[in-house]
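To keep things clear, I will list the structure first and then write my remarks on it.
Chains as they are written, first to last, in my numbering: chain L, 20 to 327; chain G, 11 to 332.
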């Protein structure tokens, strides 16, 4: 899984076809084609990278441009007259600070909550024997099979009956305890299955109960799995769009993705510079954390894909 | 280890039954470790199991119930309408275009995503410091806020946006990407591929690194060229990953909502109205919760079929699985 430690010489298609074996030796010319090949290879990679990098770059730099420069042709790669106008407007047009807080606190509660729910359930399914265990595990796995979009209509009606529409409760409860947490439980279970049993035996002889074993022995060992769970849960909640759109009505309660789409002027035209400033504030912190903790991000998210 | 622990409670129960037949005597004894484990197990899984019951299984059952009712939020009425919503499904002139759009989107996304992911993984699968750097670049959109990413592309794909600006530099008059049927669908697909292809790329990269070197060496000694090596050795060996990414991507493609909502609002016409977006429109914009429930059943049926097909494919296709 260590994707950065690339195995030596695992050459597949696109690698050097070993010229000395298949072709007659061409003395003196060997160095040049190799360098040229390298240049072409990196050139192709760099061109391929443009659609992945340019939008983010353009979003960040353009958020500091005045509106007329955003539409200037040809597009500028760096703001000629940097301004914070878009950022100021972002907070003036909508309660953006409050919306930022909403997104942040919901994401933190759901992430921490999911870590508890999934590690408890994952631990029990992996290490404790109790009656009906397999049946209950099957019940939980159903959550993996059913996309949350399938249940959005009845869930909306349930939360409407409970008077929880236009509150953050549906987002928090469903994400923490419902289908989105099942993948986390599955990953935690896979991790706890691999734990050696001796540690628990020793702890049990010392008189520790199950809860203490889970908290004091198993959890400290599960840091990597917990990190993976935390990363993909946070990103999932941070990006939720359908659910907030369905449940939340007042701008004061909006989360960021929802707020980003509401930057329109009195005529319904999009306020691009403001929208880009808000988008930058939404995306940049996560990007910075990603660059710092790259390895955990890539492995954590890849794990969520592998186990799914 | 697991087998001994699982048989132990039975033995313990049998023993205690024989040794202490007096129930009063047993009552006084503190709970055994096994008994406490039973209780602990239920307590540990309770939040998750109850959550699934409340937020997945019960709502799933309710879909059937709601699909034969019509619910008017404004009037506060909830009336039984029988099969009316299902009849509407079969007479809905928009259903076929919506299913077609969903199919085109899913197939386009899966094909483009997997091909690009495999291409990038093969390119990045070599030993060089720069590879980590490129991997970061290709992966970065995965962590960019989905709506932020979509908004930026929405701007770039405008008639007077950045893409057409670049095309103009080389003398091409670009289309109004998001306002013409075919290009609108292509745009939604491409924006989504660039957003998430990094994830599949990383999965493929991990799989490629797991291909044993000896097998490749042996094939090469036998005279296999790069292409044969790839199609006959590498692809079969990473086929479990190909199937896995295929399933993740196709199920994910059925859930697409934000991209459509932000980029095209299902338009022009209904050319990019995929099933989930249609469901949202019917239920939450037009207030047809009954019909929305029927559409949810359709979505559920598609996912169920895909799951079954996946199991069949796994048996047939996958060359090797550990």
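By construction, the Cβ of each residue, glycine as well, lies at the ideal position given by its N, Cα and C atoms.
{"Check": "Which of helix, strand or coil DSSP assigns to residue 188 of chain L", "Outcome": "helix"}
{"Check": "Every unbroken alpha helix (DSSP H) within the region 211-251 of chain L, with a cutoff of 4 residues, ordered by chain", "Outcome": "217-224"}
{"Check": "Where residue 157 of chain L falls, given that 16 or more other Cβ within 10 Å makes a residue buried", "Outcome": "exposed"}
{"Check": "Distance CB(residue 137 of chain L)-CB(residue 200 of chain L) smaller than 8 Å", "Outcome": "yes"}
{"Check": "Exposure label - residue 260 of chain G; buried when at least 16 CB within 10 Å", "Outcome": "buried"}
{"Check": "Proximal chain L residues relative to residue 58 of chain G, where beta-carbon distance stays under 8 Å", "Outcome": "136, 137, 139, 140, 159, 196, 200, 201 and 204"}
{"Check": "Residue 195 of chain G beta carbon less than 8 Å from that of residue 115 of chain G", "Outcome": "yes"}
{"Check": "Beta-carbon proximity check, residue 291 of chain L vs residue 165 of chain G, cutoff 8 Å", "Outcome": "yes"}
{"Check": "Buried or exposed (CB count within 10 angstroms, at least 16 for buried), residue 342 of chain L", "Outcome": "Past the edges of chain L, shown from 20 to 327, lies residue 342 of chain L, and the structure says nothing about it."}
{"Check": "Among G:52, G:139 and G:154, the one whose alpha carbon lies nearest that of residue 150 of chain L", "Outcome": "G:52"}
{"Check": "Beta-carbon neighbours of residue 183 of chain L, restricted to chain C and to distances below 8 Å", "Outcome": "Among the protein chains in the structure shown, which are L and G, there is no chain C."}
{"Check": "Enclosing beta strand (DSSP E) for residue 97 of chain G [first to last residue]", "Outcome": "Here residue 97 of chain G belongs to no beta strand (DSSP E); instead the alpha helix (DSSP H) covers 94-101."}
{"Check": "CA-to-CA distance, residue 244 of chain G to residue 238 of chain G, given in whole angstroms", "Outcome": "9 Å"}
{"Check": "Residue-level contact to chain G via CB, residue 168 of chain L, 8 Å cutoff", "Outcome": "yes"}
{"Check": "is_contact[residue 188 of chain L, chain G] using C-beta, thresh 8 Å", "Outcome": "no"}
{"Check": "Euclidean distance between Cα positions of residue 140 of chain L and residue 229 of chain L", "Outcome": "13 Å"}
{"Check": "contact_flag[the region 312-329 of chain G, the region 79-98 of chain G] where n(CB pairs < 8 Å) is 3 or more", "Outcome": "no"}
{"Check": "Residues sharing a beta bridge with residue 289 of chain L, DSSP", "Outcome": "L:283"}
{"Check": "Which of helix, strand or coil DSSP assigns to residue 82 of chain G", "Outcome": "strand"}
{"Check": "According to DSSP, residues forming a beta bridge with residue 77 of chain G", "Outcome": "DSSP, once it has assigned bridges, lists no residue as partnering residue 77 of chain G."}
{"Check": "Contacts around residue 267 of chain G, its chain only, beta-carbon distance under 7 Å, and the 5 residues preceding and following it disregarded", "Outcome": "286, 287 and 290"}
{"Check": "Beta-carbon proximity list for residue 226 of chain G, same chain, < 7 Å, skipping 5 on both sides", "Outcome": "239 and 243"}
{"Check": "Contacts that residue 51 of chain G makes with chain L (C-beta to C-beta distance below 7 Å)", "Outcome": "143, 147, 149 and 152"}
{"Check": "Alpha-carbon spacing of residue 332 of chain G relative to residue 268 of chain L, whole angstroms", "Outcome": "Residue placement at residue 332 of chain G is flagged as unreliable, the pLDDT there being 44, under the threshold of 50; the coordinate-derived value follows with that caveat. Computed Cα separation, rounded: 49 Å."}
{"Check": "Host beta strand (DSSP E) of residue 88 of chain G (start-end)", "Outcome": "87-90"}
{"Check": "Boundaries of the alpha helix (DSSP H) in which residue 149 of chain L is found, first to last residue", "Outcome": "Residue 149 of chain L -> no alpha helix (DSSP H), and no H or E assigned at all."}
{"Check": "Residue 280 of chain L at chain G interface by Cβ criterion, 8 Å", "Outcome": "yes"}
{"Check": "Straight-line gap, residue 192 of chain G to residue 176 of chain G (C-alpha atoms, nearest Å)", "Outcome": "21 Å"}
{"Check": "Contact check, residue 163 of chain L vs residue 205 of chain L, beta carbons under 8 Å", "Outcome": "yes"}
{"Check": "Status (buried if at least 16 other CB within 10 Å, exposed otherwise) for residue 241 of chain G", "Outcome": "exposed"}
{"Check": "Where residue 169 of chain G falls: helix, strand or coil (DSSP)", "Outcome": "coil"}
{"Check": "Classification of residue 157 of chain G by the beta-carbon crowding that lies within 10 angstroms, buried from 16 upward", "Outcome": "buried"}
{"Check": "C-beta neighbour in chain G for residue 316 of chain L, strict 8 Å", "Outcome": "yes"}
{"Check": "Rounded C-alpha distance that separates residue 199 of chain G from residue 120 of chain G", "Outcome": "9 Å"}
{"Check": "Within 7 Å of chain L by C-beta, residues of the region 310-324 of chain G in sequence order", "Outcome": "310, 313 and 317"}
{"Check": "Exposure of residue 252 of chain G, with buried meaning 16 or more beta-carbon neighbours within 10 Å", "Outcome": "buried"}
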